[in-house]
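First the structure, in the form of structure tokens, and then the observations on it.
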Amino acid sequence: MAMRELAVAVRERDGAAIIDLQGDVNAAGEAALQGGYAQAVRDGPESVVLNFAGADYINSTGIALIVGLLAQARAHDVQMTACGLSDHYREIFEITRLADFMTIADSEDGAVSGAERGDDA
Amino acid sequence: MAALTRPFRRRLRRRDREAASSAVQRPPAAEAPVEQAPVEIAPNDPLLAYLQSASGAVDIEALELDSPALGELKAAGVKLAVPLVSQGELIGVLNLGPRLSEQDYSSDDRKLLDNLAAQAAPALRVGQLVREQEAEAATRQRFEQELEVARLIQQNFLPKELPELPGWQVAAYYRPAREVGGDFYDVIPLPDGRVGFVVGDVTDKGVPAALVMSATRSVLRASAQRLIEPGEVLERVNEHLCPDMPEKMFVTCLYGVLDPETGHLRFANAGHDLPYVKTADGVVELRARGMPLGLMPGMSYEEKEATLEPGESVLLHSDGVVEAHDPERDMFGFPRLKQTVGEVPGGQALIDRVLADLDAFTGPGAEQEDDITMVTLQRSAGGSVLVAELPGDERVASDPGSNGRVLAEFELASEPGNEREAMKRVEGAVADLGLEAARLDRLKTAVAEATMNAMEHGNEYRPDRPVSIRVLESLGSLRVQISDRGGAGEVAPAEAPDLEAKLEGRQKPRGWGLFLIEKMVDEARVTSGGEGHTLELVMRLEGGGDGDA
Chain A
3 MAMRELAVAV RERDGAAIID LQGDVNAAGE AALQGGYAQA VRDGPESVVL
53 NFAGADYINS TGIALIVGLL AQARAHDVQM TACGLSDHYR EIFEITRLAD
103 FMTIADSEDG AVSGAERGDD A
Chain B
384 MAALTRPFRR RLRRRDREAA SSAVQRPPAA EAPVEQAPVE IAPNDPLLAY
434 LQSASGAVDI EALELDSPAL GELKAAGVKL AVPLVSQGEL IGVLNLGPRL
484 SEQDYSSDDR KLLDNLAAQA APALRVGQLV REQEAEAATR QRFEQELEVA
534 RLIQQNFLPK ELPELPGWQV AAYYRPAREV GGDFYDVIPL PDGRVGFVVG
584 DVTDKGVPAA LVMSATRSVL RASAQRLIEP GEVLERVNEH LCPDMPEKMF
634 VTCLYGVLDP ETGHLRFANA GHDLPYVKTA DGVVELRARG MPLGLMPGMS
684 YEEKEATLEP GESVLLHSDG VVEAHDPERD MFGFPRLKQT VGEVPGGQAL
734 IDRVLADLDA FTGPGAEQED DITMVTLQRS AGGSVLVAEL PGDERVASDP
784 GSNGRVLAEF ELASEPGNER EAMKRVEGAV ADLGLEAARL DRLKTAVAEA
834 TMNAMEHGNE YRPDRPVSIR VLESLGSLRV QISDRGGAGE VAPAEAPDLE
884 AKLEGRQKPR GWGLFLIEKM VDEARVTSGG EGHTLELVMR LEGGGDGDA
């Protein structure tokens, strides 16, 4: 079974830069993810949204990449939001406390409109 | 007989006053102390045979032979020749001019000379032998030094390590003969993700072959980066080599370009031994026409294609394998090699098997005649992941101590991404146990992380170290045992990940694996023993709570 290499696309919606993640979120996706983030913050958006709807596998090396992005976002005062996570990965974001440092939205709409917390588990 | 071809030296020394007093009877050349040019005695000169069989000193003036050397001796004023014979072999001649008293040599003189010759001959022989041996030792030392240089050049230009190709096992072997030949191999990563494979052989041995080998390799590497088609690459290399190639030297070379994703192989051959491919239908040769490199410019090289399906392998080899001889001087030959390729799946195992076959064939202690080089590429079976699976009926028997039921047992190659295969297979193995979806997701994540740990930290992603996974059900629990082969050394305790520290750069971003595993399952324990470590993941099947430890 081959890995599904991470593909990253960036789009703008209502002042937020949305990074769509497609494929496996793991160490192999580092370059793609970093490239996407750099593109997303280039025009100084209000917030950056990581959309995990197309990512069905996130492992510990992928978590490490997200930690790295989050550290950059915090350093530049960019708000970061995640959406499209399955229940399982939402749980992992909570266990790792990523959910304490970034907003986890139920949907892309929620992520863009108000950064309200979808679920305070 | 070597001594016979050496020039015989004759020295005539005279004192001035004698030269003055007896000038009439002296040859004109003997006026001063002189060292005359040596008289060469040709190997076929009858004088040699005469001296060898003479019983003592020979009166040169009285001797009549059709011999150029005899004439020269007479002209030089030699009166008496005393053969120096050791063990029946003529090793020198003592030539004497006229007596200082101008009288003829008496029979006492002759007896004295014969005695002298009898004692001088063995001493001279010993001296000659010592000198010969010293010369031989010097030659041998020069030869050894040259071999060492050749070996160094050779080893410097062979790849230090082979690239990791996910889904492939790549193995290579090179063993120089004592008199180093010009074998080489190379693995060249190409810009588009494909990989070039080279096996070549320079005619001749020693330093000249090693130098041509290094030149060939460099030109090939450079051309491979710029040109994609293997035929064009060989064409280019040939053009580069031709002008400077020493006479009677050439290079045979096979160059193939593999797409690791598809198994597609494009190759061209400059007169090298044909590679063998082990397929499901038997062993086939990869044929493509082309002249060896460096013979003549303007050559073109036929290009062929093949596809290596999962489980198939290819062997590239040098003629040191098939041209090895047994004690009866029979050659190992292509049929034997072909048969071996058909019997072994590939990879390092194939190389080991060929070497074992060769050793058995040539016999114990046989000196290797030529360099031996092999490169194998094996495409992993079953979509690049599966290494081995035990037959079903061995599974239950294989866990005698636990009263457990073995649901699955398999091995995975240590290749990035194979943790997903582990997840899939464990999911399949536990499908009948009715694990609720959330708990199944947690188990899968724990299995993936544990498999990654084993592949990376235990097995260091080495192709010869697979990960073994066993899924058991016993006493109301599901147990997944994941074993590496990294040896039984201590596992360094992992630092507990602290997100705030990571966000502030005080901890590295990574280091979540074990933490996640422990959070995902009811119990996780590490045991060591035998070949490495085993991480056992336990999920309780009834009343197991929510797993949120």
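These protein sequences, in sequence, are chains A and B. 3 is the number of the first residue of the first sequence in my numbering; add one for each residue after it. 384 is the number of the first residue of the second sequence in my numbering; add one for each residue after it. Beta carbons are placed, not taken as given, at the ideal position from N, Cα and C, and that holds for glycine.
Leaving aside the five residues before and after residue i along the sequence, list all residues of the same chain whose C-beta is less than 6 Å from its C-beta, in chain order.
| i | result |
| --- | --- |
| E910/B | For the sequence presented, residue 910/B should be read as Thr rather than Glu. Counting only Cβ-Cβ distances below 6 Å, and skipping sequence neighbours, we find T917. |
| A829/B | I900, M903, V904 and L920 |
| G614/B | A651, Y684 and E686 |
| F715/B | V705, A707 and F744 |
| G86/A | N53, F54 and A55 |
| V724/B | Y659, K661, V666 and L698 |
If we call anything under 7 Å between Cβ atoms a contact, is residue i one with residue j?
| i | j | result |
| --- | --- | --- |
| V697/B | P658/B | yes |
| R736/B | V727/B | yes |
| L648/B | A592/B | no |
| A437/B | P466/B | yes |
| A533/B | V590/B | yes |
| A633/B | M596/B | It is worth fixing the name first, because residue 633/B is Phe in this sequence and not Ala. It is not a contact, given that the beta carbons lie outside the stated cut-off. |
| T83/A | A40/A | no |
| G439/B | D497/B | yes |
| V12/A | G31/A | no |
| Q864/B | R853/B | yes |
| C625/B | P680/B | yes |
| A42/A | A19/A | yes |
| A671/B | L617/B | no |
| Y557/B | T756/B | yes |
| L790/B | A805/B | no |
| L72/A | F95/A | no |
| I424/B | A459/B | no |
Leaving aside the five residues before and after residue i along the sequence, list all residues of the same chain whose C-beta is less than 8 Å from its C-beta, in chain order.
| i | result |
| --- | --- |
| A933/B | Outside the displayed span of chain B (384 to 932) sits residue 933/B, for which this structure offers no information. |
| L545/B | V553, A554, A555 and V570 |
Using a Cβ-Cβ cutoff of less than 7 Å, which residues in the same chain neighbour residue i once the five nearest sequence positions on both sides are dropped?
| i | result |
| --- | --- |
| R923/B | G859, S860 and D905 |
| L23/A | L8, V10, L52, N53, F54, G56 and A57 |
| P710/B | G746 |
| S606/B | V616, R619 and V620 |
If we cut at 7 Å on Cβ distances, does residue i have a partner in chain B?
| i | result |
| --- | --- |
| V50/A | no |
| G70/A | yes |
| A77/A | no |
| A73/A | yes |
| R13/A | no |
| R92/A | no |
| I97/A | yes |
Are there 16 or more other CB atoms within 10 angstroms of the CB of residue i, so buried, or fewer, so exposed?
| i | result |
| --- | --- |
| D627/B | exposed |
| E802/B | buried |
| T522/B | exposed |
| L448/B | exposed |
| T834/B | buried |
| P421/B | exposed |
| A107/A | buried |
| F526/B | exposed |
| S115/A | exposed |
| E792/B | buried |
| V809/B | buried |
| P47/A | buried |
| Q761/B | buried |
| H700/B | buried |
| D740/B | buried |
| P629/B | exposed |
| S851/B | buried |
| N427/B | exposed |
Are the C-beta of residue i and some C-beta of chain A separated by less than 7 Å?
| i | result |
| --- | --- |
| D824/B | yes |
| R558/B | no |
| D566/B | no |
| G896/B | yes |
| L886/B | yes |
| L882/B | yes |
Between residue i and chain D, is the shortest Cβ-Cβ distance under 7 Å, so that the two count as touching?
| i | result |
| --- | --- |
| R893/B | Of the protein chains in this structure, namely A and B, none is chain D. |
Discussion item. Against chain A, which members of the region 828-840 of chain B pass a CB distance test of less than 8 Å?
Written reply: T828, A831, E832 and M835
Item to complete: Give, in chain order, every residue of the region 35-67 of chain A whose Cβ lies closer than 8 Å to some Cβ of chain B.
Response: Y59, N61, S62, T63, I65, A66 and L67
Worksheet entry | Short-range partners of chain B found in the region 16-31 of chain A, where Cβ spacing is below 9 Å | D26, N28, A29 and A30
Fill in: chain A contacts made by the region 899-922 of chain B, where a contact means CB separation under 7 Å
L899 and K902
Practice prompt. Could you please tell me which residues of the region 618-631 of chain B, in chain order, have their CB closer than 9 Å to any CB of chain A?
Written response: none
Discussion item. Please identify, using Cβ separations under 9 Å, the residues of the region 787-807 of chain B that lie next to chain A, in order along the chain.
Written reply: P799, G800, N801, E802, R803, E804, M806 and K807
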